[in-house]
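And the structure:
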């Protein structure tokens, strides 16, 4: 009997020609070249993952599809196919089943997203997020439209964090099927539950499934109590939170566990009654649009039927008769992906009538300056006003003007049009378009959820602006360094998360950073306190930028001034683009918010007395000047790259 090892005969990867694969011959490289290799390797991993999905989908087509409609065996064809993959690759049955499921989803439901993976536009760890959050569009007429919407967003220049990816996908799904989203939420509310799972070593896990705003408020309370310890507490942050949660639920003691005597540590015993009485009110920010608060609006006529080229046209329809109709002209799935009709965003505090944990919510509208398919409207969050517990603060823009969706064809649409296929014209049942809201820490929530929160008696709606073109103040009257409450809310709503590539921290939980450092001695030199000059950063990345050798930049896109170009230049000199998805994509109305120019100071601080020895400029000022010069060089280099002079020779 002869045994054959799996994979025998294949050339080991290590023996392949690295040069042919585009890889360096050695990994012993300077850091700048190592980074280039890492980027290239990441694109290769994405391609190999796409190839793996293609092979799994091919196996599914051969071993599962012919039998899946009639196969009633407990170990059906799908299970056996997954078991074959699991055994061959030495992975678990669950992992093989997930691989097979994702492969089929990419082939049948998300072919354009699969192309993004193949081209290295999206990384493999994002695919599971996209597949899982689009499961409910399976078999729907508009599935190809959602696929096109997501793929077009993925191909924008810029970086993606997992949280931004989730928000983008949820928004694309929600705007295509708001009724299904609403029905799912009602079912989920009815099925909320509290479960306990016994684990090992005498431990157990408890899960409380509740509306998102309740959990956000509970998390804020637990986090605050867990922070009431001295630096010598020996527990991890997660362990302290677990103890704090139990103490809040059972009203038992909580305190620092350091080894110092009680006379030396004032956190030894926390009086929960006194802690609750002196606790600041919890503010939950929810941003939405004024039209979302009033309810769904009629959908454009051309969005009420499916135009997906993946469906065949209905027989007996005279397409030539309507050839002149722009709505009826051949288009691809991408070309009909229109933005929802939205009005100005509104920040609403998230406390809902169904919440059990006490909470307060303050909200403010936000504004934006970025491009979007629909005309933007913004709302801003008023800086955590004094709101009593159990209150929600909803900020809404006063201007009720809804933006009309823009239907533009992108470059890929021309390829689809060559098929001369109009796509199916079956009604999709989408007679109305609803908006969405953004709840920091949770992500996108449906318009119905937003209206539930807005209807809570404790909710306060705070418009940003008065609906006119009157500019809002950009700074505090007494200090041009400090942004106004309106600008603060606008920037956080525009950025959604920390703007550092890959960071998931919500903008509401971070700092507002002057992109170009503010010069307190000579304010006219730069660091303006305005929408273009500020960006949201979590505390870690704010400190990294301030004290490290990282240089960030942010400026209007020369080809589209309503959008911002954001970059981070790492110490090795490589420049990385900032986020590809921002609040402008969720709330296009942000672009209509206008701010005053920040005031400029004419006087300077007094210089040191002549008796002192002093530098030509303080060390910090010299560092800021160097960074300003580096930003200018980067912008010049980017401008030359995108708009070379006419006498530049072609790249032979």
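Residue numbers (the numbering used here): -14 to 637. Yeah, the Cβ is synthetic: ideal placement off N, Cα and C, and Gly gets one too. Note that this is a predicted model, so its numbers are computed, not measured.
In three-state DSSP terms, what is residue i?
i, result
"residue 222", "helix"
"residue 87", "helix"
"residue 522", "strand"
"residue 93", "helix"
"residue 175", "helix"
"residue 550", "strand"
"residue 260", "helix"
"residue 290", "strand"
"residue 182", "strand"
"residue 574", "strand"
"residue 9", "coil"
"residue 17", "helix"
"residue 189", "strand"
"residue 60", "coil"
"residue 1", "coil"
"residue 541", "strand"
"residue 517", "coil"
"residue 239", "strand"
"residue 531", "helix"
"residue 267", "coil"
"residue 247", "coil"
"residue 283", "strand"
"residue 498", "strand"
"residue 504", "coil"
"residue 564", "strand"
"residue 579", "coil"
"residue 255", "strand"
"residue 274", "strand"
"residue 166", "helix"
"residue 214", "coil"
"residue 107", "coil"
Can you give me the C-alpha to C-alpha distance between residue i and residue j, rounded to a whole angstrom?
i, j, result
"residue 262", "residue 228", "20 Å"
"residue 209", "residue 285", "47 Å"
"residue 458", "residue 492", "21 Å"
"residue 136", "residue 52", "32 Å"
"residue 525", "residue 499", "15 Å"
"residue 157", "residue 566", "12 Å"
"residue 487", "residue 559", "16 Å"
"residue 276", "residue 436", "10 Å"
"residue 582", "residue 535", "28 Å"
"residue 562", "residue 537", "10 Å"
"residue 5", "residue 70", "29 Å"
"residue 2", "residue 10", "8 Å"
"residue 469", "residue 514", "9 Å"
"residue 73", "residue 66", "11 Å"
"residue 221", "residue 46", "49 Å"
"residue 504", "residue 215", "36 Å"
"residue 653", "residue 483", "Because the chain spans -14 through 637 in this model, residue 653 falls outside it and cannot be assessed."
"residue 218", "residue 238", "16 Å"
"residue 571", "residue 273", "9 Å"
"residue 460", "residue 609", "22 Å"
"residue 494", "residue 425", "8 Å"
"residue 557", "residue 17", "6 Å"
"residue 485", "residue 147", "13 Å"
"residue 580", "residue 161", "33 Å"
"residue 184", "residue 190", "7 Å"
"residue 620", "residue 433", "44 Å"
"residue 169", "residue 233", "31 Å"
"residue 61", "residue 89", "17 Å"
Could you give the C-beta distance for residue i and residue j, rounded to a whole number, given that I count them as a contact under 8 Å?
i, j, result
"residue 496", "residue 522", "6 Å"
"residue 104", "residue 38", "Wrong, their Cβ atoms sit about 14 Å apart, outside the cutoff."
"residue 431", "residue 193", "The pair is not a contact, with the Cβ atoms about 21 Å apart (cut-off 8 Å)."
"residue 480", "residue 428", "Not confirmed; about 14 Å, so no contact."
"residue 269", "residue 202", "6 Å"
"residue 151", "residue 118", "7 Å"
"residue 102", "residue 28", "In fact, because the Cβ distance is near 10 Å, the residues do not count as touching under 8 Å."
"residue 42", "residue 278", "Incorrect: roughly 44 Å between the Cβ atoms, too far for contact."
Unbroken alpha helix (DSSP H) runs of length 4 or more, entirely within the stretch 417 to 496: which are they?
Within the stretch 417 to 496, the complete alpha helix (DSSP H) segments of 4 residues or longer fall at 432 to 439 and 470 to 480, listed in chain order.
Going along the chain, which unbroken runs of the alpha helix (DSSP H) with 4 or more residues stay wholly within the stretch 117 to 163?
DSSP runs (the alpha helix (DSSP H)) wholly in the stretch 117 to 163: 128 to 139 and 147 to 161.
Are the stretch 541 to 558 and the stretch 415 to 423 touching by the rule of at least three beta carbon pairs closer than 8 Å?
Flag = no, the stretch 541 to 558 and the stretch 415 to 423 do not touch.
Enumerated in chain order, which unbroken segments of the beta strand (DSSP E) with a length of 3 residues or greater are wholly contained in the stretch 24 to 85?
Listed in chain order, the beta strand (DSSP E) runs fully inside the stretch 24 to 85 amount to none, counting runs of at least 3 residues.
Pairs of beta-carbons, one from the stretch 93 to 109 and one from the stretch 48 to 64, closer than 8 Å: are there three or more?
Segment contact: the stretch 93 to 109 against the stretch 48 to 64, fewer than three CB-CB distances shorter than 8 Å; contact not assigned.
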